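Residue -15 is where the sequence shown starts when you use our numbering, and the numbers rise one by one after that. See structure below.
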Amino acid sequence: MIPLYEAKAELFRTLSHPVRIRVLELLGERPMPVRDLLSGINIEASSLSQQLAVLRRAGIVTSTRAGGTVSYALAGPDVADLLHAARRFLAHLLTDQHQLLDALRHDPAQAHQPAATVTT
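Below is the structure:
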């Protein structure tokens, strides 16, 4: 059995491709057939298929076939929660960076303070 921290690292490696993140964002809205995913992501069908296979093997998405149509869905709500947490984290990080940039522009002496203590 691998340690939990290694399993987490593998999960984040799986998520570390921009196309995979975009696929998960789209599937967070609703399950979608491949043709809808293709229209939401500007890549070749073979590239999308490869990225979907990675996500499916990792258990992050599921697929169903109805006739000639293959549809994908998130494996569970935790996937969408993880993406929302990443969005909140990035928003906070960018806000802190913006505050630091403002401090640099307006008062070079404050630029050495941590972003959380900088006031604008």
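Glycine included, every Cβ here is placed at the ideal spot set by N, Cα and C. Small disclaimer: the values here were computed from a predicted structure and weren't measured.
Could you pull the DSSP bridge partners for residue i from this structure?
| i | result |
| --- | --- |
| L58 | V45 |
| A50 | T53 |
| D17 | In the sequence as displayed, the identity of residue 17 is Pro instead of Asp. S55, per the DSSP bridge assignment. |
Relative to the C-alpha of residue i, which candidate in the options has its C-alpha closest?
| i | options | result |
| --- | --- | --- |
| V109 | L21, V3, K(-8) and L67 | Here the chain covers residues -15 to 104 and nothing more, so residue 109 does not appear. |
| A50 | L66, M16 and I(-14) | M16 |
| P2 | D86, D65, K(-8) and N26 | N26 |
| V153 | L88, T79 and S0 | Because the chain here runs from -15 to 104, residue 153 falls outside it and cannot be looked at. |
| R6 | G24, T(-2) and R71 | G24 |
Taking the alpha helix (DSSP H) that residue i falls in, what are its first and last residues?
| i | result |
| --- | --- |
| E28 | No alpha helix (DSSP H) contains E28, which DSSP labels as neither H nor E. |
| L(-12) | L(-12) to T(-2) |
Report back the beta-carbon spacing between residue i and residue j to the nearest angstrom; my notes put them in contact at under 8 Å.
| i | j | result |
| --- | --- | --- |
| L11 | A57 | 6 Å |
| L(-5) | V18 | So it is not a contact: roughly 24 Å between Cβ atoms. |
| A111 | I44 | As displayed, the chain neither begins before -15 nor continues past 104, which places residue 111 out of reach and without an answer. |
| S47 | R41 | Going by Cβ atoms, the distance from S47 to R41 rounds to 11 Å, so no, they are not a contact pair. |
| Q35 | R4 | 5 Å |
| L67 | L8 | 6 Å |
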